[in-house]
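Taking it in order: structure first as structure tokens, then the write-up.
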Amino acid sequence: MVHTPQGEVWLHEPPVEMLRAIRAFLPFGAVRYANTQNGADYGLVMQCGEREVYGVKQQPVDCDEAQSRVSFKAHSLLIAHSLAGYRTFGFSGLFIPCPYLRTKESGRHESGIAYFGYPSSRGHESQEYPYEPAFDGNFGHGFTTLMKSFIRTLQQSSHDMGITLGRPIGLDIRSRLQMGSVGFGFMILGQHIICLKTAISEQDPVWTVLRSTGISDVYHLPSQPIAIREEDLHLAKPQAS
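If you read the sequence shown in the working numbering, its first letter stands for residue 15, the second for the next number, and so on.
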């Protein structure tokens, strides 16, 4: 449990069915560690052999290092504030919005938001919304709907919180490694909000922001991104074998 000025947030152990669903949605699955590693009990597979997981980055204009770190923290808060609003759409897939920070050779910095999403073929994101080829062609029918819906809630959160959301200069498909440092804080699976943080601190302002939106219960899946060998894919994602 996390105490905040807005009330308590309860952290729950994810049931087996939830872990199976996450593993099924992720392209290369996930693994559960026998022993905790770097505070993580789970590894989310972001690279399998030479193949990588791809997402969409919402890229702002470049900035200096100090501003990039401020923006990274601001994006973390905006994402947390947006989870409740996004949940009201009632989608069935898996969606992972993350702040990212990339240092460029010029000494400039890029601090934006990355979206990893996996629509459900049975959810209304794919059953009731049209196919949009710009991104659905890469990520499946319904991905664009998931992403656009989250961006709308993000814009509303920016207005509600008084935190400026930098105007994006593009939405581009990139591999996870091409995005630089990616902060995996939360994922949304259907109606369930899942915290991926490996360290839980009551001093983290994300919890107060989250509780202020009415969320009092989340599942805790302390995770880190990992790479595996092709021959180990059947362990991380049995459905692929």
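Every residue gets a Cβ at the ideal spot worked out from N, C-alpha and C, and that includes glycine. This one's a predicted model, so the numbers in the text were calculated from it and none came from an experiment.
With fewer than 16 other Cβ atoms from the protein chains shown falling within 10 Å of its own Cβ, S189 counts as exposed. C-alpha of A35 to C-alpha of Y129: approximately 19 Å in a straight line.
Beyond the five residues adjoining it in sequence on each side, K118 comes within less than 8 Å, by CB distance, of D76 and E124 in the same chain, given in chain order.
Per DSSP, the beta bridge partners of W24 are D231. DSSP places F103 in the coil class of the three-state scheme, outside both helix and strand. If you draw a straight line from the Cα of Q169 to the Cα of I127, it is about 12 Å long.
Inter-residue distance for V23 and K87 is about 20 Å (C-alpha atoms, whole angstroms). Counting along the chain, I240 sits inside no alpha helix (DSSP H); it lies in the beta strand (DSSP E) bounded by residues S237 to I242. Under the three-state reduction of DSSP output, H123 falls in the strand class.
The three-state reading of DSSP puts F198 in coil, since its state is none of H, G, I, E or B. Exclusion of the five residues before and after K211 leaves G199 and P236 as the residues of its chain whose Cβ lies within less than 7 Å of its Cβ.
In terms of CA proximity to A54, I240 leads the group P252, I240 and Y68. In chain order, E216 place their CB closer than 6 Å to the CB of H17, counting only its own chain and leaving out the 5 sequence neighbours on each side.
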